[in-house]
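Numbering (the working numbering), first residue to last: 2 to 233. C-beta: ideal position from N, C-alpha, C; glycine also. Here the structure is a predicted model, which means the values were calculated and not measured. First comes the structure, then the notes that go with it.
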């Protein structure tokens with residue numbers, strides 16, 4: 002059957018059919034991928050966040066489906082579809098990280114080390130935080146590598162010793178993964194000889210790289226603005 006996507010009733014029927022397909026795949030065929038898509042469907046199409054949360058949770062608990070663990074952790078962190086629960090959020094970020102979702106590793110790591118208002122009451126665990134952030138960095142999460150570099154640049158009293166050699170290592174990795182702020186830091190480190198041998202030519206190379214990334218980001222943001230979409 003062909004659907005006319007310009008007709009509201011056809012769009013509704015099409016979406017309903019997708020929902021039926023995802024439910025069958027999840028509950029009858031017990032496919033974790035279908036269960037996750039059902040959760041996304043309940044979230045995005047039906048706006049039923051409570052049911053979506055239940056689907057994500059069971060798919061994480063029963064199938065260790067990494068993205069579902071991440072989604073349910075986010076729900077708990079935000080209080081979306083369930084009561085806000087930081088301990089539950091952290092627990093499911095750990096499950097997601099163990100299952101191979103590097104965004105879960107990042108968020109779990111940040112919960113161990115950050116001082117955001119929603120996370121202020123949780124005790125800090127910098128050793129565990131570095132472990133989780135390191136996993137995310139190893140999984141090529143550029144922001145995680147950049148965040149670790151910042152911790153070694155500044156140091157954390159009674160927890161992390163300032164170490165410019167490690168800061169350079171993580172800044173370089175973040176830069177290679179496309180983080181323009183990390184590239185700017187690499188440029189400064191080469192210029193000053195912080196954590197690496199002083200090298201003016203390298204400093205200029207990474208300064209140019211950071212500026213090129215900045216210009217590319219501006220151009221993308223301009224295109225997205227003209228198209229009526231927000232930059233990501």
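How should residue 45 be labelled, buried or exposed, when 16 other C-beta atoms within 10 angstroms of its C-beta is the threshold for buried? One-based indexing of the chain shown puts residue 45 at position 44. Classification of residue 45: exposed, given that the 10 Å Cβ count is below 16.
Could you spell out where the alpha helix (DSSP H) holding residue 34 opens and where it closes? The sequence position of residue 34 within the chain shown is 33, counting from 1. From DSSP, the alpha helix (DSSP H) with residue 34 extends over 33 to 45.
Using the three-state DSSP reduction, which class does residue 216 fall into: helix, strand or coil? What you label residue 216 is simply residue 215 of the chain shown in a count that begins at 1. In the structure shown, residue 216 sits in a helix (DSSP, three-state: H, G or I).
Can you grab the Cα-Cα spacing for the pair residue 225 / residue 213, in whole Å? Counting from 1 along the chain shown, the entry for residue 225 is found at position 224. Counting from 1 along the chain shown, the entry for residue 213 is found at position 212. Rounded to whole angstroms, residue 225 to residue 213 spans 18 Å at the Cα level.
Rounded to a whole number of angstroms, what is the C-alpha to C-alpha distance between residue 66 and residue 97? For the purposes of this step, residue 66 is taken as the residue at position 65 of the chain shown. For the purposes of this step, residue 97 is taken as the residue at position 96 of the chain shown. Distance from the CA of residue 66 to the CA of residue 97, rounded to the nearest whole angstrom, comes to 8 Å.
Excluding the 5 residues preceding and the 5 following residue 113 in the sequence, name in chain order all residues of the same chain whose CB lies nearer than 6 Å to its CB. Residue mapping note: residue 113 aligns to position 112 of the chain shown, counting from 1. Apart from sequence neighbours up to five positions away, the residues of its chain that approach residue 113 with a beta-carbon distance below 6 Å are 126, 129, 130, ordered along the chain.
What whole-angstrom Cβ distance do residue 57 and residue 73 have, given they're in contact under 8 Å? Position 56 of the chain shown, counted from the first residue, corresponds to residue 57. Position 72 of the chain shown, counted from the first residue, corresponds to residue 73. Correct: roughly 4 Å between the Cβ atoms.
What does the Cβ neighbour count give for residue 68, buried or exposed, with the cut at 16 atoms within 10 Å? Within the chain shown, numbered from 1, the residue matching residue 68 stands at position 67. Label assigned to residue 68: buried.
heavy atom of the ligand PLP below 7 Å from residue 149 C-beta: No copy of the ligand PLP appears in this structure; indeed no ligand is present at all.
Comparing C-alpha positions only, which one of 218, 116, 171 sits nearest to residue 139? Within the chain shown, numbered from 1, the residue matching residue 139 stands at position 138. For residue 139, the closest alpha carbon among the candidates 218, 116, 171 is that of 171.
Residue 39 to residue 49, Cα distance in whole Å? Walking along the chain shown from the start, residue 39 turns up at place 38. Walking along the chain shown from the start, residue 49 turns up at place 48. So the two alpha carbons sit approximately 11 Å from each other.
Nearest-angstrom Cα separation, counted from residue 141 out to residue 178: Start at 1 with the first residue of the chain shown, and residue 178 comes out as number 177. Start at 1 with the first residue of the chain shown, and residue 141 comes out as number 140. In a straight line, the C-alpha of residue 178 is about 7 Å away from that of residue 141.
Beta-carbon spacing of residue 168, residue 153 below 8 Å: Within the chain shown, numbered from 1, the residue matching residue 168 stands at position 167. Within the chain shown, numbered from 1, the residue matching residue 153 stands at position 152. Their beta carbons are under 8 Å apart, which means residue 168 touches residue 153 by this criterion.
Own chain, CB closer than 6 Å to residue 196, minus 5 neighbours either side, in chain order: Sequence index remark: in the chain shown, residue 196 carries index 195 (1-based). Answer for residue 196: 165, 166, 168, 169, 190, listed in chain order.
Identify, in the order they occur along the chain, each residue of the same chain with its Cβ nearer than 7 Å to the Cβ of residue 232, setting aside the five sequence neighbours on each side. One-based indexing of the chain shown puts residue 232 at position 231. At residue 232, the pLDDT of 49 sits below 50, so the modelled position is not reliable; the number obtained from the coordinates is stated separately. Beyond the five residues adjoining it in sequence on each side, residue 232 comes within less than 7 Å, by CB distance, of 221, 222, 225 in the same chain, given in chain order.
By Cβ distance below 6 Å, which residues in the same chain neighbour residue 145 in space, the five residues on each side in sequence not counted? Within the chain shown, the letter at position 144 stands for residue 145. If the five residues before and after residue 145 are omitted, its C-beta is found closer than 6 Å to the C-beta atoms of 107, 134, 137, 138, all from its own chain and listed in chain order.
How would you label residue 194, buried or exposed, when you count the other beta carbons within 10 angstroms and need 16 or more for buried? On the chain shown, residue 194 is found 193 positions in, with the first residue counted as 1. The C-beta of residue 194 has fewer than 16 other C-beta atoms within 10 Å across all chains shown, which makes the residue exposed.
For the alpha helix (DSSP H) that contains residue 1, what are its first and last residues? Outside the shown range of the chain (2 to 233) lies residue 1, about which nothing can therefore be said.
With a cut-off of 8 Å on the beta carbons, I'd call residue 188 and residue 202 a contact; round off their distance for me. Here residue 188 refers to the residue found at position 187 when the chain shown is read from its first residue. Here residue 202 refers to the residue found at position 201 when the chain shown is read from its first residue. Not quite, the Cβ-Cβ distance comes to about 11 Å (not below 8 Å), so this is no contact.
In angstroms, rounded to a whole number, what distance separates the CA positions of residue 149 and residue 116? Taking the first residue of the chain shown as position 1, residue 149 is located at position 148. Taking the first residue of the chain shown as position 1, residue 116 is located at position 115. Straight-line Cα distance between these residues: approximately 15 Å.
In whole angstroms, give me the CA-to-CA distance for residue 17 and residue 124. By 1-based counting over the chain shown, the position of residue 17 is 16. By 1-based counting over the chain shown, the position of residue 124 is 123. When rounded, the distance between both Cα atoms is 45 Å.
Since residue 73 is in the alpha helix (DSSP H), which residue starts that stretch and which ends it? The count along the chain shown starts at 1 and reaches residue 73 at position 72. Counting along the chain, the unbroken alpha helix (DSSP H) around residue 73 starts and ends at 67 to 79.
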